Structures are given as C-alpha cells and as structure tokens.
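Residue numbers (the working numbering): 1 to 366. Beta carbons: idealized from backbone N, C-alpha and C, even for Gly. None of these values were measured; they are calculated from a predicted model.
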Ligand code: HEM
Ligand SMILES: *[C@@H]1O[C@H](CO)[C@@H](O)[C@H](O)[C@H]1NC(C)=O
Ligand SMILES: *[C@@H]1O[C@H](CO)[C@@H](O)[C@H](O)[C@H]1NC(C)=O
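Structure (structure tokens):
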C-alpha cells in the first residue's frame, strides 16, 4: 500500500503541473467522465477521489472544428463496371469465405481509415517516406487491435484484382470500402433485415499516414456524448450518424482494459460475468461486445444500451439520445440507417488523382 502510494506520488511529480482538461459538460455523472486522455483511449486515474489525471500527461489539443457533411459526388456506383467488371465480386467472394471476426475487423478498418486523412487507405501504410513518425496503424486505437486477418484479406483482394485486371488498378481505399460493405451484408443479413447496399467507388489512395493523427481523431471508449459528438462533427457526421454507426458494436470483441472501471455502472449479472472473465485473463482478455448475438450485425446493440449491458462509456452515453429507443425497435429502420451512414462515412476526405495515387501494394506508397 505504501509502495503504491509512493508510486502515485512519483508519477505525479513526474507529470508536473498537469492541467486536467475538464470539458464544460455537465451531462456526465462524475468528473472522471469528462477528462479526456489521449483522445479518450487511456483511462484517467483518480487520486483519493480528489482529482483526476492523465497517465503520461493531459491532452493539450483544442477541440476539433466542425466540418460540413462529407461530399464526393464524383464517386460512382459501379465505378469498375467496364475497367474491371468482376472487381466487386472478387472482394465479395473473399469476404463471404472469411469468418465473422474478420468481418468485424473489416468494418472497423473502414471507420478507422475514413476518420484519419479520409477514406484513402492511409490506415494500411507500414511507413511513410520522409517521415520519422510512425504511421496510423501504430497508434493507440489501432496497434494490437485492428485485426491482422482484415489486413490480410485486403492484401489478398488486391492480389486477386491485379491478376484479374492487370491493366486496371483498383484502389486500396475502394477495396476497404467494398469489403466493409460486404461484411455488413454477410453479418447482417443472416437473421435480419440488412440488405446489400451500393457502395460508390473511385477513391484514390493517400500518401500521408501519421500515428498522432489516429490518436487525436479517432474517439476513444472513455469519451462522453459531448466528446463523441464533437469528434464526429469534425468529420461532418451528426449525432444520428454517431448513434447509427455505433451499432457496429453488435459484433466483434473488445479488451477488458477498456471497460473494467465501469462494471458498477452495468447491469449487475452482466457485470459479474465480465468480471469473472476479465479477472481470470487480465486487461488484454477479449470479450464479445454483444453478449446475445455476438456474430450478427443487428439492432441488439440498442437493446443492450437500454438494458445497461454495453461495455464502454462511449456506448452507455448514447442512451440519452432519442435515436437509441427508435433503433431498438425491430422495424428495420436501423439497418436502413446503417447502410446510408456507411455510404456517408465513405465520402469523408476522398482523394483524387490530383492528391492521391493507386497503390501497387496496399502497405506502401508507390
Ligand atoms: C463512437 C465511437 C467509437 C468508439 C469510442 C469505439 C471504440 C472501440 C473500441 C475501444 C473497441 C475495442 C478495441 C480493442 O479492444 O482492441 C472497438 C471495437 C470495434 N468497433 Fe468501435 N468504436 C467507435 C465507433 C465505431 C464505429 C463507427 C464502427 C464501425 C462502423 C466501429 C466498429 C467496431 C467493431 C466492428 C469492433 C470490433 C472489432 C473486432 O472485433 O475486431 N466502432 N471500438
Ligand atoms: C454499373 O452497373 C450497375 C448495374 O447495372 C449500374 O447500376 C451502375 O449505374 C453502373 N455504373 C456505371 C458507372 O456505369
Ligand atoms: C467468459 O468466458 C467463457 C469461456 O471462455 C465464455 O463462454 C463466456 O461467454 C464469457 N463471458 C463473457 C461475458 O464474455
């Protein structure tokens, strides 16, 4: 105990005068909920219930400025109809054969691509020529987290497309968008109302990828509604898009370290089960996000929010919006909204031949 206290004091001394960034939100129950560490990716530390600090120091970034809704009218449904008519089937075939975990990984990959530098496959780059900073995939939201099998599927698709259409290049950014659309369909259509939806294409691949940007622009699980709304607004997405797209947390998994601090806020039996698994395996143990239908992309997420059976602060905080009650109804409205929101997200920061290229290998610039 004495050693622990000494460690905390040393930590405090090392951090120096930490100006904790409290947001002005009063919608959150405790101050711990409104301080943001590393964009909401690191859990703040509370000391003697008196003050709250960020391990490693506080964020000093100003809140992001809002953007107009994304718009890329030059993207076309069936962009490869003539140049590579089988392009979308080739991707779809690989996604259909992949497991639900890879499907979840692909949907998340699209989100993490689009929110940082736009939907330009910047998340796939291993290095950026001329930069000492590591790339997005090494940032806290991505490292040891984005699924290797999702990266592998994109590479396999790229190879297959190069073989099928040697003269046409299909961009890595479009492959991610197609694969995320296909995964949404295969995981969402089995038992419910998710229809196959068109995904416009014609994106170019970017040449810039920066770790720090991924950490600043992807909202973290310790964020409250105000912080999430700001981070989506910075990409031109509104509160409805935020709540709609968060429904992707009805599939895939998450590590205990992102939610064990709020077990007491959850439905007690649900929390007990999580506590057992997390205690046994530690912070890096993975649990299903949706305890009920873990491999189905459906509106169960919204029922879980109402039942206090969701993992993150960023999930629970959506309960105060009107959208949750609406999407919890089994009328197919969430599935329709999800398809539209995925398409809208796919318009963020799209590159053209003027500021992008079509990569030969998805993990490297040409
Ligand atoms: C609203 C803010 C969001 C936050 C704070 C957030 C945070 C997270 C976190 C912390 C994880 C677990 C990562 C790990 O334990 O390694 C996760 C998983 C996941 N997220 Fe989100 N997320 C958000 C929005 C979204 C959106 C918009 C999508 C897609 C449309 C999405 C799709 C997923 C999927 C599919 C997984 C499971 C991935 C897998 O199993 O490989 N998330 N998210
Ligand atoms: C490609 O074909 C589909 C199906 O016939 C059609 O809906 C789409 O508009 C076409 N796109 C282009 C760019 O020709
Ligand atoms: C806990 O782990 C067991 C065994 O791996 C698993 O069957 C169960 O679904 C897990 N519970 C939760 C809440 O993830």
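For residue i versus residue j, is the C-beta distance shorter than 7 Å?
{"i": "residue 362", "j": "residue 137", "result": "no"}
{"i": "residue 286", "j": "residue 255", "result": "yes"}
{"i": "residue 177", "j": "residue 346", "result": "yes"}
{"i": "residue 211", "j": "residue 139", "result": "yes"}
{"i": "residue 342", "j": "residue 308", "result": "no"}
{"i": "residue 179", "j": "residue 91", "result": "yes"}
{"i": "residue 102", "j": "residue 153", "result": "yes"}
{"i": "residue 264", "j": "residue 290", "result": "no"}
{"i": "residue 187", "j": "residue 100", "result": "yes"}
{"i": "residue 371", "j": "residue 172", "result": "The shown model of the chain, from 1 to 366, leaves out residue 371, and the question about it has no answer."}
{"i": "residue 165", "j": "residue 84", "result": "yes"}
{"i": "residue 304", "j": "residue 253", "result": "no"}
{"i": "residue 39", "j": "residue 239", "result": "no"}
{"i": "residue 206", "j": "residue 67", "result": "no"}
Would you call residue i buried or exposed, if buried means 16 or more other Cβ atoms sit within 10 Å of its Cβ?
{"i": "residue 351", "result": "buried"}
{"i": "residue 359", "result": "buried"}
{"i": "residue 44", "result": "buried"}
{"i": "residue 22", "result": "Only weak support is given to the placement of residue 22: the predicted model assigns it a pLDDT of 36, under 50, and the question is left unresolved by the model."}
{"i": "residue 298", "result": "buried"}
{"i": "residue 243", "result": "buried"}
{"i": "residue 141", "result": "buried"}
{"i": "residue 228", "result": "buried"}
{"i": "residue 279", "result": "exposed"}
{"i": "residue 302", "result": "buried"}
{"i": "residue 14", "result": "Note that residue 14 scores a pLDDT of 38, beneath 50, so its modelled location is shaky; the value from the coordinates is reported in the next line. So residue 14 ends up on the exposed side."}
{"i": "residue 143", "result": "exposed"}
{"i": "residue 354", "result": "exposed"}
{"i": "residue 182", "result": "buried"}
{"i": "residue 195", "result": "exposed"}
{"i": "residue 135", "result": "buried"}
{"i": "residue 344", "result": "buried"}
{"i": "residue 27", "result": "Residue placement at residue 27 is poorly supported in this model, since its pLDDT is 42, which falls under 50; the coordinates still yield a value, given next. Per the 10 Å Cβ criterion, exposed."}
{"i": "residue 306", "result": "exposed"}
{"i": "residue 17", "result": "Since pLDDT at residue 17 reaches only 36, below the 50 mark, its modelled position is unreliable, and no value is offered."}
{"i": "residue 322", "result": "exposed"}
{"i": "residue 82", "result": "exposed"}
{"i": "residue 335", "result": "buried"}
{"i": "residue 98", "result": "buried"}
To the nearest whole angstrom, what separates the beta carbons of residue i and residue j, a pair I think is in contact under 8 Å?
{"i": "residue 204", "j": "residue 357", "result": "6 Å"}
{"i": "residue 193", "j": "residue 332", "result": "4 Å"}
{"i": "residue 246", "j": "residue 318", "result": "6 Å"}
{"i": "residue 170", "j": "residue 80", "result": "6 Å"}
{"i": "residue 112", "j": "residue 218", "result": "6 Å"}
{"i": "residue 198", "j": "residue 95", "result": "Incorrect: roughly 16 Å between the Cβ atoms, too far for contact."}
{"i": "residue 174", "j": "residue 156", "result": "So it is not a contact: roughly 15 Å between Cβ atoms."}
Just checking residue i against ligand 3 - is the residue's beta carbon closer than 6 Å to any of the ligand's heavy atoms?
{"i": "residue 287", "result": "yes"}
{"i": "residue 277", "result": "yes"}
{"i": "residue 273", "result": "yes"}
Any heavy atom of ligand 1 within a distance shorter than 6 Å of the CB on residue i?
{"i": "residue 143", "result": "no"}
{"i": "residue 104", "result": "yes"}
{"i": "residue 228", "result": "yes"}
{"i": "residue 305", "result": "no"}
{"i": "residue 354", "result": "no"}
{"i": "residue 314", "result": "yes"}
{"i": "residue 361", "result": "no"}
{"i": "residue 382", "result": "The structure shown does not extend to residue 382, since the chain is modelled only from 1 through 366, so no value can be given for it."}
{"i": "residue 282", "result": "no"}
{"i": "residue 245", "result": "yes"}
{"i": "residue 111", "result": "yes"}
{"i": "residue 255", "result": "yes"}
{"i": "residue 107", "result": "yes"}
{"i": "residue 147", "result": "yes"}
{"i": "residue 349", "result": "no"}
{"i": "residue 51", "result": "no"}
{"i": "residue 258", "result": "yes"}
{"i": "residue 221", "result": "yes"}
What do you reckon, is the C-beta of residue i under 6 Å from a heavy atom of ligand 2?
{"i": "residue 78", "result": "yes"}
{"i": "residue 81", "result": "yes"}
Please confirm if the stretch 297–316 is in contact with the stretch 112–123, defined as three or more CB-CB distances below 8 Å between the two stretches. no
Taking contact to mean 3 or more Cβ pairs, one atom from each stretch, closer than 8 Å, check whether the stretch 217–229 and the stretch 67–80 are in contact. no
Report yes or no: do three or more beta-carbon pairs, one from the stretch 145–162 and one from the stretch 100–114, lie closer than 8 Å? yes
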